[in-house]
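Number of protein chains: 2
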Amino acid sequence: MASEFVLYSYFRSSASYRVRIALNLKNIPFDYRPVHLLNNGGEQHTDEYKKVNPSREVPTLVHNGKPLGQSLAIIDYLDRVKPEPRLFPEDAYERAQVIQACEIVNSGVQPLHNLRVLDLLQKRFGSDQSGRDAWTVHWIEYGMKSLETFLAPRAGLHCFGDKISAADCFVIPHLTNADRFKVSIDPYPTLSRLKGVAAKIEAFVKASPDAQPDSPQAR
Amino acid sequence: MASEFVLYSYFRSSASYRVRIALNLKNIPFDYRPVHLLNNGGEQHTDEYKKVNPSREVPTLVHNGKPLGQSLAIIDYLDRVKPEPRLFPEDAYERAQVIQACEIVNSGVQPLHNLRVLDLLQKRFGSDQSGRDAWTVHWIEYGMKSLETFLAPRAGLHCFGDKISAADCFVIPHLTNADRFKVSIDPYPTLSRLKGVAAKIEAFVKASPDAQPDSPQAR
């Protein structure tokens, strides 16, 4: 029997990682369908995949046959169909601040260093690997500065006080990206604390890139 | 007496434009505070502005003294504090699809050609004006293709059927950007129709860049 939830994901995609965290926090079982963004010219470009995601991006969540793209849209949707535990607060202003934190990552920095942008840097400006890495590091640090400033007065164990919210689903993958590009977290005491706490929570650990079936680390 | 709503905005910022449309659609009066992103080294970098927006971006909406950044967070907030007319549908899946359309613009393409990215292209890769314009055009076209594919089976007079939604607040400013960079809308029949309809609706016209007090066109 087909699962109620199917997730098209790439282990290293931080947008996929956000949705995996949300699914785990809500204890929602799902079928994992890997979409390799590099192999075979990018599996997101197949005709079959374009039918579920016309933007040819991961993740796509399929719920009872209905596809949805964009991590924020998916997590907001999950909060409505499986409300416990809530990831967006009820209060309008608290809720909006959680979305603001999500967007600092989602629209503010992560798009600037995804694969298709790095490809275009190479194609248009002849940027080599080290130039592309420096570009990525620039935006990761930009994001960390914004997040530290925004979250310092708001965070407790998690981004907003001691309660996990959608913001944690966005911020933790950003910090994993920082790790991957050897950006030090030391100048950011709030982010360091959030990272340490999340590292001990199974929903975050199970969602991490290296724990996915399509990771080269998973053997 | 201070207004209930204050909007920090830059006439040409498409994220500010989205929020101006939403405020107009809901008939919410607001104080307009221009933040010039180029003059004086960028007015978004002043200490005063950083207090309302730690990411140093426009727009910021201040409601009864409480600041909020990020266009999607602001429009979702407005939909809660001033629910009529609703910009996000009640139904969970319809709502998520509206957010998905917003994000195709908000995180999918617009961040890739904003001012700070173009500045870094110049600084890191010595990109001249024509190289930066070609970069911008690439992403505007990328967004138009994604939007046309996603919206064609969903749109009527507006992005989702004949009812205005938050998606229209995001898509119309994207089409205005296309105009500015002389990207032809002709290959996109759905987007052409949406643009023609919105051009006759006062809430969209009043929100356009050239209609703002800080536009050089406003004399």
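One line per chain: the protein sequences are A and B, in this order.
Heads up, the first sequence is in the working numbering, so the first residue is 1 and it goes up one at a time.
Heads up, the second sequence is in the working numbering, so the first residue is 1 and it goes up one at a time.
Note that CB positions come from ideal geometry on N, CA and C, so glycine has one too.
Because the structure is a prediction, the values reported are computed rather than measured.
- request: Find out if the Cβ-Cβ distance for the pair Arg33/A, His45/A is shorter than 8 Å.
  value: Walking along the first sequence from the start, residue 33/A turns up at place 33. Walking along the first sequence from the start, residue 45/A turns up at place 45. Going by C-beta atoms, Arg33/A is not nearer than 8 Å to His45/A.
message: Given this structure, state the Cα-to-Cα distance separating Ser146/B from Leu175/B, to the nearest angstrom.
response: Locating residue 146/B in the second sequence gives position 146, where the first residue counts as 1. Locating residue 175/B in the second sequence gives position 175, where the first residue counts as 1. Approximately 13 Å between the Cα atoms of the pair.
message: Can you tell me whether Leu38/B is buried or exposed? The criterion is at least 16 other CB atoms within 10 Å of its CB, across all chains shown.
response: The residue labelled residue 38/B in the question sits at position 38 within the second sequence. When all chains shown are included, Leu38/B counts as exposed.
- prompt: How is the beta strand (DSSP E) around Tyr32/A delimited, first residue to last?
  reply: Translated into the one-based positions of the first sequence, residue 32/A becomes position 32. Run containing Tyr32/A: Asp31 to Pro34, per the beta strand (DSSP E) assignment.
field: alpha helix (DSSP H) segments (min. 4 residues) lying fully within the segment 80-140 of chain B
entry: 92-106 and 115-125
field: Proximal residues, the segment 150-161 of chain B versus chain A, C-beta separation under 8 Å
entry: Answer set for the segment 150-161 of chain B: Phe150.
query: Is there a Cβ from chain B that is less than 8 Å from the Cβ of Ser3/A?
result: The residue you call residue 3/A lines up with position 3 of the first sequence. With 8 Å as the cut-off, Ser3/A does not count as an interface residue toward chain B.
message: What are the residues in the segment 34-53 of chain A lying within 7 Å of chain B by C-beta distance?
response: none
- request: Identify the contact partners of Asn27/B in chain A, using a Cβ-Cβ distance below 8 Å as the criterion.
  value: Your numbering for residue 27/B matches position 27 in the second sequence. Correct list: empty, because the minimum Cβ distance to chain A is about 18 Å.
message: So, with DSSP's three-state summary, where would you put Leu25/A?
response: Residue 25/A sits at position 25 when you count from the first residue of the first sequence. If DSSP states are grouped into helix, strand and coil, Leu25/A belongs with the helices.
- prompt: Between the segment 16-35 of chain B and the segment 190-208 of chain B, do at least 3 Cβ pairs fall closer than 8 Å?
  reply: yes
Length-filtered (3 minimum) beta strand (DSSP E) runs lying within the segment 50-74 of chain B: 60-63 and 66-69
query: Could you give the distance in angstroms between the alpha-carbon of Val58/B and the alpha-carbon of Ile172/A?
result: As a first step, residue 58/B is located in the second sequence; it is residue number 58 there, counting from the start. As a first step, residue 172/A is located in the first sequence; it is residue number 172 there, counting from the start. Within the model, the alpha-carbon separation for Val58/B versus Ile172/A is close to 25 Å.
message: Measuring straight from C-alpha to C-alpha, what distance separates Ala167/A and Lys26/A?
response: To locate residue 167/A, count along the first sequence from 1; it is residue 167. To locate residue 26/A, count along the first sequence from 1; it is residue 26. Spanning the two alpha carbons is a distance of roughly 15 Å.
message: With H, G and I counted as helix, E and B as strand and the rest as coil, what does DSSP make of Val19/A?
response: For this step, residue 19/A is matched to residue 19 along the first sequence. Reduced to three states, the DSSP call for Val19/A is helix.
Candidates Asp162/A, Leu112/A, Ala96/A and Gly161/A: closest to Lys66/B by CA position: On the second sequence, position 66 is the one that residue 66/B refers to. Measuring from the Cα of Lys66/B, the nearest candidate turns out to be Ala96/A.
- request: Please go through the same chain and pick out, in chain order, the residues whose beta-carbon is closer than 7 Å to the beta-carbon of Pro213/A, but skip the five residues on each side of it.
  value: Residue 213/A sits at position 213 when you count from the first residue of the first sequence. Here the set comprises Tyr32 and Pro34.
query: Using Cβ-Cβ distances below 9 Å, what residues of the segment 114-142 of chain B are close to chain C?
result: The chain inventory of the structure shown lacks chain C, comprising the protein chains A and B.
message: Taking the alpha helix (DSSP H) that Phe204/B belongs to, which residues open and close that run?
response: Position 204 of the second sequence, counted from the start, is the residue given in the question as residue 204/B. Glu202 to Ala207 is the extent of the alpha helix (DSSP H) around Phe204/B.
field: C-alpha gap between Cys102/A and Cys159/A, whole angstroms
entry: The count along the first sequence starts at 1 and reaches residue 102/A at position 102. The count along the first sequence starts at 1 and reaches residue 159/A at position 159. Cys159/A has its alpha-carbon roughly 10 Å from the corresponding atom of Cys102/A.
field: N-terminal and C-terminal residue of the alpha helix (DSSP H) that Val197/A is part of
entry: Your numbering for residue 197/A matches position 197 in the first sequence. Pro189 to Ala198 is the span of the alpha helix (DSSP H), which, as asked, contains Val197/A.
message: Please list, in chain order, the chain A residues whose beta carbon lies closer than 7 Å to that of Ser146/B.
response: What you label residue 146/B is simply residue 146 of the second sequence in a count that begins at 1. What Ser146/B touches in chain A: Pro54 and Ser55.
Opening and closing residue of the alpha helix (DSSP H) in which Leu175/B lies: Residue numbering aside, residue 175/B sits at position 175 when the second sequence is read from its first letter. Where Leu175/B is concerned, the enclosing alpha helix (DSSP H) starts and stops at Ala166 to Arg180.
task: Output, in chain order, the set of chain A residues within a Cβ distance shorter than 8 Å of Lys66/B.
output: Walking along the second sequence from the start, residue 66/B turns up at place 66. Here the neighbours are Tyr93.
field: Test item: CB-CB of Leu121/A and Glu148/A under 8 Å
entry: Here residue 121/A refers to the residue found at position 121 of the first sequence. Here residue 148/A refers to the residue found at position 148 of the first sequence. No, they are not a contact pair.
query: Which bits of chain A does Asn24/B rub up against, with CB to CB less than 7 Å?
result: The residue given as residue 24/B occupies position 24 in the second sequence. Going along chain A, no residue has its Cβ under 7 Å from Asn24/B, so there is no contact; the nearest lies around 19 Å.
- prompt: Does the Cβ of Asn64/A have 16 or more other Cβ atoms within 10 Å, making it buried, or fewer, making it exposed?
  reply: Reading the first sequence from its first residue, position 64 is the one you call residue 64/A. Around the beta-carbon of Asn64/A, fewer than 16 other beta-carbon atoms lie within 10 Å, marking it exposed.
Pro83/B to Asp119/B span [Cα, whole Å]: Reading the second sequence from its first residue, position 83 is the one you call residue 83/B. Reading the second sequence from its first residue, position 119 is the one you call residue 119/B. Between Pro83/B and Asp119/B, the alpha-carbon positions lie close to 39 Å from each other.
- request: Look at the Cβ atom of Pro54/A, then the Cβ atom of Pro111/B, and state whether they are nearer than 8 Å.
  value: The residue you call residue 54/A lines up with position 54 of the first sequence. The residue you call residue 111/B lines up with position 111 of the second sequence. Going by C-beta atoms, Pro54/A is not nearer than 8 Å to Pro111/B.
message: Which residue wins for smallest C-alpha separation from Gln70/A, given the options Val109/B, Gly42/B and Phe30/B?
response: As a first step, residue 70/A is located in the first sequence; it is residue number 70 there, counting from the start. The residue with the shortest Cα to Cα distance from Gln70/A is Val109/B.
task: Classify Ala218/B as buried or exposed, calling it buried when 16 or more other Cβ atoms lie within 10 Å of its own Cβ.
output: By one-based count along the second sequence, residue 218/B stands at place 218. Under the 10 Å beta carbon count, Ala218/B is surrounded by fewer than 16 other beta carbons and is classified as exposed.
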